[in-house]
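J.:
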Amino acid sequence: MVERHGVFGRTVHGVSDSGVPGSGATGPDAWAASGQRPDIRARAVEPAPAPVPQERYLRQLRLPELGALGQRRLAASRVAVIGAGGLGAPVLTYLVAAGIGEITLLDPDTVDPTNLHRQVLFTGEDLGRSKAVAAAEHLHALNPEVTVRAVVDVVTPENALEQLAGHHLVLDGTDNFPTRYLASDACELLDIPLVWGSILGFAGQVSVFWGAGGRGVTYRDVHPVPPRPGEVPSCSEAGVLGMLCGVIGSSMAMEAVKVLAGLGDVLFGRLALYDALRARWDELPLARDPGRRPVERIEDVMATCGLPGPTGPTLDEVTVAELPALLAEGVRVIDIREEHELDSGMVRGAEHLPMGAVLALAGAAGGGGPRAEGPAGTGAAEPGDDAAPAGPRHRLEGAVLYCAAGSRSGSVQRSLAAQGISVRSLRGGFGAVDGTELAVAPPR
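Residue numbers (my numbering): 1309 to 1752.
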């Protein structure tokens, strides 16, 4: 029997009957007992032939489990890190300090003021700069012996294999599902172990995935079905403390060192879960899904996750500066957040129609669609309100959508554009409006 456990709104496959290691003869326990579980210690890197500098690494060289041999393995290692954000910052800092030989850092973004409380690689002087370039400069200052290659680019189905090939290990510190699936699929095809971490609210997760020629566990074994757009909020929408990024990012770096140097019991076939509010670590054993077909090629993961890919509709946004004129023209502005999110306020003149109702309207057959109710005073449709045309296209056409930070509204905008419904997304969401004269008190 294979049980399923919801984690961050997703599904974990291959958990043993009691959910703890060594508890039965099914799931991961049977996998390990059968002798079919791959030994990830075999992925330790061939050590560099030359000795490493002693003084810089003296304290870790004194660890008998690591020693000079382990340090030479680290010096010979080539690692790719996807994302220099909340998780990537501690990952990069500790890997560079530990003496990893070469690191490829992939990140297309620039440093934003909202990054600084958790992305501790950056300072106020880096605002507006490329994260990859700024991080590489700071990391070089930390340890000039490590080569950090900055790649200012997004990982796509077209370049994933090329970007990740030739590395001993990949670490995924991103917060979006398309990149997570791309990284997992590329690593499975390239037979590269993948260290993965995730945070949401006060909870974090860490694991090590490795396809091992169809015998190992990958991200797709744990999360076989991508979430719908907006189903799992991002850090910008749910909120995050920098300290949690440090805990999970440091744990990812530790697992990376263990894989590369052949140390200890790696989190391969295990999912570590951290609850910051309870200061507690828990663990779920994992096993490969025997019904899952091995990855044979890189797919358009944007489409798999319910989002149009690079060849689909582009993001159509409006800025906060454009909003007053649009409101004066009578353009409909729709708040697609959930009702509990309205406590922070709304855009003046906006109506409330949750994302699920918007997508239902867009997908409704024929001229009419379901009507969505909303809190009194928000301008949302109420039962018996016949002022607006009934058809979903009339309800949505030309509207400006917004969420907390622009992620969900951007996803919905692309989805509707693919269906021929023209809407726009407010760049930055309500967070860009909050504190301005366009923000009004929440409805009561």
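Note that the Cβ used here is the ideal one computed from N, Cα and C, for glycine as well.
Could you name the residues that DSSP lists as bridge partners for P1593?
T.: Translated into the one-based positions of the sequence shown, residue 1593 becomes position 285. In DSSP, P1593 forms a bridge with R1578.
J.: With 16 as the cutoff for other CB atoms within 10 Å, does L1479 come out buried or exposed?
T.: As a working note, residue 1479 is residue 171 in the sequence shown. Classification of L1479: buried, given that the 10 Å Cβ count is 16 or more.
J.: Taking the alpha carbon of D1643 as the reference point, which residue from Q1471, R1364, G1737 has its own alpha carbon closest?
T.: The residue given as residue 1643 occupies position 335 in the sequence shown. Considering only alpha carbons, the answer is G1737.
J.: Does L1667 come out as helix, strand or coil in the three-state DSSP assignment?
T.: Walking along the sequence shown from the start, residue 1667 turns up at place 359. DSSP places L1667 in helix when its eight states are reduced to three.
J.: Can you list, in chain order, the residues of its chain whose CB lies under 8 Å from that of G1409, leaving out five sequence neighbours each side?
T.: Residue 1409 sits at position 101 when you count from the first residue of the sequence shown. Contacts found: A1356, L1382, A1383, A1384, S1385, R1386, V1454, T1455.
J.: To the nearest angstrom, how far is the alpha carbon of A1726 from that of A1658?
T.: Here residue 1726 is taken as the residue at index 418 of the sequence shown, counted from 1. Here residue 1658 is taken as the residue at index 350 of the sequence shown, counted from 1. Between A1726 and A1658, the C-alpha separation is close to 24 Å.
J.: Count the other CB atoms within 10 Å of the CB of Q1513; is the residue buried (16 or more) or exposed (fewer)?
T.: Translated into positions along the sequence shown, residue 1513 becomes position 205. The residue in question, Q1513, is buried, as its Cβ has 16 or more Cβ neighbours within 10 Å.
J.: Whole angstroms are fine: how far does the CA of T1418 sit from the CA of G1330?
T.: Taking the first residue of the sequence shown as 1, we reach residue 1330 at position 22. Taking the first residue of the sequence shown as 1, we reach residue 1418 at position 110. Unreliable placement is indicated for G1330, whose pLDDT of 32 sits below 50; the coordinate value is still reported in the next sentence. Approximately 46 Å between the Cα atoms of the pair.
J.: Quick one: give me the first and last residue of the beta strand (DSSP E) that D1493 is part of.
T.: Here the question's residue 1493 lines up with position 185 in the sequence shown. Counting along the chain, D1493 falls outside any beta strand (DSSP E), though it belongs to the alpha helix (DSSP H) covering 1485-1498.
J.: Taking only three categories from DSSP, how would you classify G1394?
T.: As a first step, residue 1394 must be located in the sequence shown, where it is residue number 86. It is coil, neither helix nor strand.
J.: Enumerate in chain order the residues of its own chain whose CB-to-CB distance from L1571 is below 6 Å, with the five nearest sequence positions on each side excluded.
T.: Along the sequence shown, one-based indexing puts residue 1571 at 263. Hits under 6 Å: E1373.
J.: Have a look at the DSSP bridge pairing and note the partners of R1756.
T.: Examination of residue 1756 is not possible in this model, given that the chain is present from 1309 through 1752 alone.
J.: Do you know how far the Cα of A1580 is from the Cα of S1506?
T.: In the sequence shown, counting from the first residue as 1, residue 1506 sits at position 198. In the sequence shown, counting from the first residue as 1, residue 1580 sits at position 272. Straight-line Cα distance between these residues: approximately 11 Å.
J.: Tell me the residue span of the beta strand (DSSP E) that contains R1528.
T.: In the sequence shown, the residue the question calls residue 1528 occupies position 220. Premise fails: R1528 lies in the alpha helix (DSSP H), 1527-1530, not in any beta strand (DSSP E).
J.: I need the DSSP call for S1652, collapsed to helix, strand or coil.
T.: The residue labelled residue 1652 in the question sits at position 344 within the sequence shown. Note: S1652 maps to helix in three-state DSSP.
J.: Okay, do the region 1517-1526 and the region 1494-1503 touch, 3+ Cβ pairs below 8 Å being the bar?
T.: Flag = yes, the region 1517-1526 and the region 1494-1503 touch.
J.: Quick one: Cα of R1735 to Cα of P1632, how far?
T.: As a position in the sequence shown, residue 1735 is number 427, starting the count at 1. As a position in the sequence shown, residue 1632 is number 324, starting the count at 1. Taking the straight line joining both Cα atoms gives about 14 Å.
J.: Straight-line CA distance for Q1379 to I1348?
T.: Position 71 of the sequence shown, counting from 1, holds the residue named residue 1379. Position 40 of the sequence shown, counting from 1, holds the residue named residue 1348. Approximately 18 Å, taken between the alpha carbons.
J.: Using the Cα positions of D1651 and A1350, report the straight-line distance between them to the nearest angstrom.
T.: Locating residue 1651 in the sequence shown gives position 343, where the first residue counts as 1. Locating residue 1350 in the sequence shown gives position 42, where the first residue counts as 1. Their backbone Cα atoms lie some 53 Å apart in a straight line.
J.: Do you know offhand how far D1483's Cα is from L1508's?
T.: Numbered from 1 along the sequence shown, position 175 holds the residue referred to as residue 1483. Numbered from 1 along the sequence shown, position 200 holds the residue referred to as residue 1508. Using only the alpha carbons, I get a separation of about 9 Å.
J.: Provide the residue span of the alpha helix (DSSP H) that contains S1559, from first to last.
T.: Along the sequence shown, one-based indexing puts residue 1559 at 251. 1550-1569 is the extent of the alpha helix (DSSP H) around S1559.
J.: What is the rounded straight-line gap between the Cα of L1435 and the Cα of S1558?
T.: Here residue 1435 is taken as the residue at index 127 of the sequence shown, counted from 1. Here residue 1558 is taken as the residue at index 250 of the sequence shown, counted from 1. Those two C-alpha atoms are separated by around 24 Å.
J.: Please report how far the alpha carbon of L1669 lies from the alpha carbon of P1416, in whole angstroms.
T.: Here residue 1669 corresponds to residue number 361 of the sequence shown, with the count starting at 1. Here residue 1416 corresponds to residue number 108 of the sequence shown, with the count starting at 1. The straight-line gap from Cα to Cα measures roughly 34 Å.
J.: Taking Cβ positions, are L1568 and L1477 nearer each other than 8 Å?
T.: Reading the sequence shown from its first residue, position 260 is the one you call residue 1568. Reading the sequence shown from its first residue, position 169 is the one you call residue 1477. Against a cut-off of 8 Å, the Cβ pair of L1477 and L1568 comes out as a contact.
J.: Look at the alpha carbon of G1577 and the alpha carbon of Q1471, and state the distance between them as a whole number of angstroms.
T.: By 1-based counting over the sequence shown, the position of residue 1577 is 269. By 1-based counting over the sequence shown, the position of residue 1471 is 163. Taking the straight line from one Cα to the other gives about 26 Å.
J.: What does a CB cutoff of less than 7 Å around F1430 pick up in its chain, not counting 5 residues either side in sequence?
T.: The residue given as residue 1430 occupies position 122 in the sequence shown. So the qualifying residues of the chain are V1419, N1423, L1424, A1442.
J.: If I follow the unbroken alpha helix (DSSP H) through A1449, where does it start and stop?
T.: Position 141 of the sequence shown, counted from the start, is the residue given in the question as residue 1449. Start and end: 1439-1450.
J.: Determine the extent of the beta strand (DSSP E) in which V1708 is found, giving its start and end residues.
T.: Taking the sequence shown and counting its residues from 1, the one referred to as residue 1708 is at position 400. Here the beta strand (DSSP E) through V1708 covers 1708-1710.
J.: Consult DSSP for I1644 and reduce its assignment to one of helix, strand or coil.
T.: The residue given as residue 1644 occupies position 336 in the sequence shown. DSSP places I1644 in coil when its eight states are reduced to three.
J.: Output the distance between the C-alpha atoms of L1377 and S1492, rounded to the nearest integer angstrom.
T.: Translated into the one-based positions of the sequence shown, residue 1377 becomes position 69. Translated into the one-based positions of the sequence shown, residue 1492 becomes position 184. About 30 Å.
J.: By the 10 Å Cβ neighbour count, where 16 or more other Cβ atoms means buried, how is R1703 classified, buried or exposed?
T.: Within the sequence shown, the letter at position 395 stands for residue 1703. Buried, since its Cβ has 16 or more Cβ neighbours within 10 Å.
J.: Which residues in the same chain as D1461 place their Cβ atom closer than 8 Å to its Cβ, once the five residues preceding and following it in sequence are excluded?
T.: As a first step, residue 1461 is located in the sequence shown; it is residue number 153 there, counting from the start. Closer than 8 Å at the Cβ level, and outside the excluded window around D1461, lie L1414, P1416, N1467, Q1471.
J.: Are the region 1357-1373 and the region 1584-1598 touching, with three or more C-beta to C-beta distances below 8 Å?
T.: No, the region 1357-1373 is not in contact with the region 1584-1598.
J.: Got a sec, what are the start and stop residues for the alpha helix (DSSP H) A1470 sits in?
T.: Within the sequence shown, numbered from 1, the residue matching residue 1470 stands at position 162. Checking the sequence, you will find Glu at residue 1470 rather than Ala. Segment 1468-1472, the alpha helix (DSSP H) holding E1470.
J.: Just verifying my parser: in three-state terms, what is the DSSP assignment at A1376?
T.: The residue given as residue 1376 occupies position 68 in the sequence shown. Here A1376 sits in helix by DSSP.
J.: Can you give the Cα-Cα distance for R1488 and G1391, rounded to whole angstroms?
T.: If you number the sequence shown from 1, residue 1488 lands on position 180. If you number the sequence shown from 1, residue 1391 lands on position 83. Their backbone Cα atoms lie some 11 Å apart in a straight line.
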